[in-house]
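Inspection log for the structure reproduced underneath, given as structure tokens.
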Amino acid sequence: MSFLSNTTVSKFSLMLLLGSIVFSSMAYSEENDSAKYNELTALLEQHKGKVIYLDFWASWCVPCRKSFPWMNKIQNTYSPEKFTVISINLDSDKSLADKFLTTLPASFPVIYDPKGELAKKFHVKGMPSSYLANQQGKVVSHQTGFFTEESAMYEDEISQLLNSTESVAMVKINNTSSKSSAADKY
Numbered sequence: 010m011s012f013l014s015n016t017t018v019s020k021f022s023l024m025l026l027l028g029s030i031v032f033s034s035m036a037y038s039e040e041n042d043s044a045k046y047n048e049l050t051a052l053l054e055q056h057k058g059k060v061i062y063l064d065f066w067a068s069w070c071v072p073c074r075k076s077f078p079w080m081n082k083i084q085n086t087y088s089p090e091k092f093t094v095i096s097i098n099l100d101s102d103k104s105l106a107d108k109f110l111t112t113l114p115a116s117f118p119v120i121y122d123p124k125g126e127l128a129k130k131f132h133v134k135g136m137p138s139s140y141l142a143n144q145q146g147k148v149v150s151h152q153t154g155f156f157t158e159e160s161a162m163y164e165d166e167i168s169q170l171l172n173s174t175e176s177v178a179m180v181k182i183n184n185t186s187s188k189s190s191a192a193d194k195y
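Written out as structure tokens, the structure is:
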């Protein structure tokens, strides 16, 4: 099972466009939710032009405990001018996330989304859920779950994006529905 597969990613594209972020009628009604959106928007803008690995996680998630050392490794391996990990925690109680991060500190930004509003917008179906976007902000893959035995393959795919000089074509996502999310890019 490949992290990058062979169908259109528009089915699971994200709501933001790096560079010129489009946010139409999907605006959040609650101030707190808007703050989460704004926080993510600011991080995406800050990392515009980079390959981005966006990860949704929770403290109770066993595979998340396995993915954190790998995410720290890739965050520290690749050039900060070309790559970053951004994570979104979905614990309803921030103290649980803080306890998790005491045990497994993150070397990348963490956004707290206790109401799961961002997760809803991204159609997250399981933990962890990750999205990989190329330098143009196009989501090229989505993965639900984390499999240690496949981490080398995940890293190879990130390396391919980092070494690519052309825009990467949209690719297939494993076991996904045809329901579209808010936009084609983030």
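Taking the numbering used here, I'd label the letters of the sequence shown as residues 10 to 195.
Positions of the beta carbon are idealized from the N, C-alpha and C atoms, including for glycine.
- DSSP places residue 107 in the helix class (H, G or I) of the three-state scheme.
- Residue 108 is not a Cβ neighbour of residue 121, given a cutoff of 8 Å.
- Put simply, of 57, 114 and 93 the residue whose alpha carbon is nearest the alpha carbon of residue 139 is 93.
- Excluding the 5 residues flanking it on each side, residue 127 has same chain C-beta neighbours closer than 6 Å at 45 and 97, in chain order.
- Using a C-beta cut-off of 8 Å, the region 138 to 153 makes no contact with the region 111 to 125, since fewer than three inter-stretch Cβ pairs fall below that distance.
- Of the residues assessed, residue 173 falls on the exposed side of the cut-off, its CB having fewer than 16 other CB atoms within 10 angstroms.
- The three-state secondary structure of residue 133, taken from DSSP, is coil.
- Along the region 68 to 106, the beta strand (DSSP E) occurs as fully enclosed runs of 3 or more residues at 92 to 98, listed in sequence order.
- DSSP places residue 161 inside the alpha helix (DSSP H), whose first and last residues are 160 to 172.
- If you compare the alpha carbons of 89, 117 and 66 with that of residue 153, the shortest gap goes to 66.
- With contacts defined as CB atoms closer than 8 Å, residue 72 and residue 155 qualify as a contacting pair.
- Rounded to whole angstroms, the separation of the alpha carbons of residue 48 and residue 159 is 31 Å.
- Listed in chain order, the non-local C-beta contacts of residue 56 below 6 Å within the same chain comprise 93, local neighbours out to five positions each way being set aside.
- Under DSSP, residue 46 shares a beta bridge with no residue.
- Counting along the chain, the unbroken beta strand (DSSP E) around residue 142 starts and ends at 138 to 142.
- Residue 51 counts as exposed, since fewer than 16 other beta carbons sit within 10 angstroms of its beta carbon.
- CA-CA distance, residue 105 to residue 137, rounds to 16 Å.
- The continuous beta strand (DSSP E) containing residue 63 extends over residues 60 to 66.
- Rounded to whole angstroms, the Cβ separation of residue 76 and residue 100 is 15 Å, and the two are not in contact under 8 Å.
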